[in-house]
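Counting along the sequence shown from 1, when you hit position 152 you're at 152 in the UniProt record's numbering, and nothing is skipped either side.
Since the structure comes first, as structure tokens, the remarks are kept for the end.
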Amino acid sequence: MKVLISICLLFISLSIQAQGSIAGNFSPPKDFKWLIAYELTPNGERYSVDSAVRDGSFELEMPLTAQAGMYRLVYAVPQDEFYIDVIYNKKEDVKFNFNLQDGLTITNSEENKWYREYFSKITAAQDKLIEFYETNNEPNKEYTSIIKELNAIQTSFEEKHATTIAHKFIKANRSYIPSEFEDLETFLKNKKQHHFDHLAINDPVLQGSNFLTDKFASYVFSALPTDITTKEQLAIEVNKNVKTTAEFIKSTPIGFQERSMHQLWKIADVNDMPSVQDYIFKNHLKKLAIANNNQKLVDELELAARLRIGAVSPDIIWQANGKKQSLLTMEEAENYLLVFWSSTCSHCLKELPALHEEVKEYDNLKIIAIGLEDDNVNWKEVSATLPSFNHAIALGRWESEYAHTFGIQSTPTYFILDSEKRFLAKPESDKEVVEFLEN
Numbered sequence: 001m002k003v004l005i006s007i008c009l010l011f012i013s014l015s016i017q018a019q020g021s022i023a024g025n026f027s028p029p030k031d032f033k034w035l036i037a038y039e040l041t042p043n044g045e046r047y048s049v050d051s052a053v054r055d056g057s058f059e060l061e062m063p064l065t066a067q068a069g070m071y072r073l074v075y076a077v078p079q080d081e082f083y084i085d086v087i088y089n090k091k092e093d094v095k096f097n098f099n100l101q102d103g104l105t106i107t108n109s110e111e112n113k114w115y116r117e118y119f120s121k122i123t124a125a126q127d128k129l130i131e132f133y134e135t136n137n138e139p140n141k142e143y144t145s146i147i148k149e150l151n152a153i154q155t156s157f158e159e160k161h162a163t164t165i166a167h168k169f170i171k172a173n174r175s176y177i178p179s180e181f182e183d184l185e186t187f188l189k190n191k192k193q194h195h196f197d198h199l200a201i202n203d204p205v206l207q208g209s210n211f212l213t214d215k216f217a218s219y220v221f222s223a224l225p226t227d228i229t230t231k232e233q234l235a236i237e238v239n240k241n242v243k244t245t246a247e248f249i250k251s252t253p254i255g256f257q258e259r260s261m262h263q264l265w266k267i268a269d270v271n272d273m274p275s276v277q278d279y280i281f282k283n284h285l286k287k288l289a290i291a292n293n294n295q296k297l298v299d300e301l302e303l304a305a306r307l308r309i310g311a312v313s314p315d316i317i318w319q320a321n322g323k324k325q326s327l328l329t330m331e332e333a334e335n336y337l338l339v340f341w342s343s344t345c346s347h348c349l350k351e352l353p354a355l356h357e358e359v360k361e362y363d364n365l366k367i368i369a370i371g372l373e374d375d376n377v378n379w380k381e382v383s384a385t386l387p388s389f390n391h392a393i394a395l396g397r398w399e400s401e402y403a404h405t406f407g408i409q410s411t412p413t414y415f416i417l418d419s420e421k422r423f424l425a426k427p428e429s430d431k432e433v434v435e436f437l438e439n
């Protein structure tokens, strides 16, 4: 009898913890083959489950151990570009349709529907306010109506969905809404001052998603004075915002701080803001990565800074006619070409002789060919057939100092420098080298 009761209790327990699922349809079917679900945590993505996509359809049976929260469904690579984020609350199955042209449509999951509906409505209302300020700067009925709509949407969704995971995002997204008319300058000042008021930065669900990092990015790169006229002024103001953000999140886990600063670094990179990148890395990100035992990230970002367009190239040393030669001290030229190659590389043995012929007419071009070699025997023989190049050798091949310094992962690799020996271009082939020089 006791055994029977135990079995019944176990069955009831398992029923209560019944597996939930995330299922859906992708279109066009031929473009989708596999799906991986990750739980989003403060320290990054945690693998949960995966499934094949057959004829455009899939179903993920979520593990009993899966926690309620935000999940990232990755459907292609690179993973940080091709994904869908959904809420899995362990109370309802999630179903959706996804089309590459039309995007995501939730077909089953009230919480995900509320979540998407809220952001759609509040964004539209916020856009109305911005449009108002673009054409008006005086109080009128339209302004009052927009403010009323913003308050109504925010309050309604906060009150109706107070017990949901979506509520965390809805409440944290409450932005500054004026209580009475404000001109644009005053509005922007107050909006910036209150940007962080409702951001629950210690909530693990929010930390795991892109929500907070997107909010930080919006503050850093958008909450700026309207009278900026130079890149230098812009960088100064952005760096001030970075500092404010770093101070605001200093009580959060190191992994989350690192991810937040790295996201800001990447945005600065995309927007060609090298001084901002350097500020973020030197003052915040490097320390965080080291504290998080992420030397790989430190190395990657230091390499990116070394090879950045506009940065002065690291030096290269070689011997010629019994004398020490150096890239940074060699005679002036309009351009310099660095070629990393190997005498045992078939592509190199095809491209370098062709390049040697193609660049003969460029009198104001200096070429340094750096051989990544195990020894100098074959290198001596092959390099002698390319007499117009300056030849350096890096013994140890991929483990050599130059391979690490210049991030060489394949041969041949090309870098074109300007007259000040700053990186100008990174062609993919000898043909691209010539095309660049011709233009």
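Note that beta-carbon positions come from the ideal geometry of N, C-alpha and C, so glycine has one too.
Three-state secondary structure assigned by DSSP to residue i
i	result
I177	coil
D299	helix
H161	coil
M330	coil
F187	helix
V77	coil
H195	coil
E61	strand
T41	strand
L35	strand
S156	helix
D214	helix
I249	coil
D93	coil
G255	helix
V49	strand
A200	coil
S209	coil
I228	coil
T25	The identity of residue 25 in the sequence shown is Asn, whereas the question assumes Thr. Strand, per DSSP.
D127	helix
Beta-carbon contacts of residue i that lie in its chain and below 7 Å, excluding the five residues immediately before and after
i	result
F436	I416, A425, P427
G208	L40, T41, P42, G69, M70
D127	none
T252	I201, N202, Q207
A268	V276, Q277, I280
L303	G407
N239	V276, Y279
R46	Y38, E39
M330	K366
H195	Y219, A223
Supposed contact pair residue j and residue i - C-beta distance, whole angstroms, cut 8 Å
i	j	result
I84	L73	5 Å
Q19	E61	5 Å
F406	L307	7 Å
residue 512	A403	There is simply no residue 512 to check, as the chain begins at 1 and stops at 439 in what is shown.
I177	N137	Actually they are not in contact, since the Cβ atoms of I177 and N137 sit about 18 Å apart, beyond 8 Å.
S313	F423	6 Å
6 Å Cβ shell around residue i - same chain, five flanking residues per side excluded
i	result
T164	E111
S275	A235
F281	L301
I317	S326
S383	H391
H356	L386
P204	P42
A23	E59, K95
A354	D430
W114	H161, A166
W398	none
E432	none
Beta-carbon proximity list for residue i, same chain, < 8 Å, skipping 5 on both sides
i	result
T135	none
F132	E142, Y143, I146
E182	N190
S27	G56, N97, F98, N99, L100
residue 450	In the structure as shown, the chain starts at 1 and stops at 439, and residue 450 therefore has no counterpart that could be examined.
beta-carbon residue i near the ligand HEM non-hydrogen atom, thresh 7 Å
i	result
K324	The ligand HEM is absent from the structure shown, which contains no ligand whatsoever.
Three CB pairs or more closer than 8 Å across the segment 106–116 and the segment 88–96: yes
Validate contact between the segment 212–220 and the segment 233–246 using beta carbons, cut 8 Å, 3 pairs: yes
The segment 293–302 contacting the segment 318–325, beta-carbon criterion three pairs below 8 Å: no
Sufficient close CB pairs (3 or more, under 8 Å) joining the segment 206–213 to the segment 255–264: yes
Three-pair Cβ contact test at 8 Å for the segment 374–388 versus the segment 332–344: yes
Inter-stretch contact (C-beta, 8 Å, three-pair minimum) for the segment 352–372 and the segment 332–340: yes
Whole runs of the alpha helix (DSSP H) within the segment 261–291, excluding any shorter than 4 residues: 274–280, 286–291
Alpha helix (DSSP H) runs wholly inside the UniProt domain "Thioredoxin" (307–439), at least 4 long, in chain order: 346–358, 377–383, 401–405, 430–438
Touch test, the segment 184–193 against the segment 49–56, Cβ-Cβ under 8 Å, three pairs minimum: no
Any 3 or more C-beta pairs closer than 8 Å across the segment 304–319 and the segment 344–360: no
Minimum length 3: unbroken beta strand (DSSP E) runs contained in the segment 94–124: 94–99, 103–108
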